[in-house]
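Residue numbering for the sequence shown is 1 to 121, as defined by full-length UniProt numbering.
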Amino acid sequence: MDDDPDTRTLLTFLFELDGAEIITAASAGDALETMSFFKPDILISDIYLPDENGCSLLTKVRNLEAKRGRKIPAIALTASAFDEDRNRALLAGYDMYRCKPIDLDELASMVASLTRLEQYA
């Protein structure tokens, strides 16, 4: 989930190389609509979105997933390096927070770590 098309393209390419099925969204509204029929193993989202804050998006995603008996792991990616943004994202429920530009190997390791640790139906 990122409003920047280049970021979406890069992340899609990275994870498809590893055989992952990727669904992208350019806005929080698109992401929530997609989440209504797709059950991802992880959410990677910018916290500054054109139509909604990524923290409020995660709250809505968590509520939707709770109804399904799930809690998907979530990573916040953002251009903001401010401690208050990091703290806000982690308090909102993001499992990890990283500033852009991000090392792609590091991101792949973060995803692998979170999806191995999270056990849900």
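A virtual CB, placed ideally from N, CA and C, is assigned to each residue, including glycine.
For clarity, every value in this text was computed on a predicted model and none was experimentally measured.
Just to confirm, is the Cβ distance from residue i to residue j under 8 Å?
| i | j | result |
| --- | --- | --- |
| residue 22 | residue 16 | yes |
| residue 74 | residue 43 | yes |
| residue 99 | residue 112 | no |
| residue 57 | residue 28 | yes |
| residue 26 | residue 3 | yes |
| residue 93 | residue 62 | yes |
Going by DSSP, which residues form a beta bridge with residue i?
| i | result |
| --- | --- |
| residue 96 | 75 |
| residue 17 | DSSP lists no partner for residue 17. |
Taking the alpha-carbon positions, what's the residue i to residue j distance?
| i | j | result |
| --- | --- | --- |
| residue 69 | residue 38 | 14 Å |
| residue 14 | residue 90 | 25 Å |
| residue 84 | residue 19 | 35 Å |
| residue 114 | residue 88 | 20 Å |
| residue 106 | residue 77 | 12 Å |
Candidates the options: which alpha carbon is nearest residue i's?
| i | options | result |
| --- | --- | --- |
| residue 34 | 60, 48, 53 and 14 | 60 |
| residue 66 | 8, 45 and 36 | 36 |
| residue 81 | 64, 48, 71 and 92 | 48 |
| residue 72 | 8, 96 and 5 | 96 |
| residue 64 | 7, 50 and 40 | 40 |
What is the residue span of the alpha helix (DSSP H) that residue i lies within?
| i | result |
| --- | --- |
| residue 58 | 54 to 67 |
| residue 30 | 28 to 35 |
What are the start and end residues of the beta strand (DSSP E) that includes residue i?
| i | result |
| --- | --- |
| residue 41 | Note, residue 41: premise wrong, no beta strand (DSSP E); not H, not E. |
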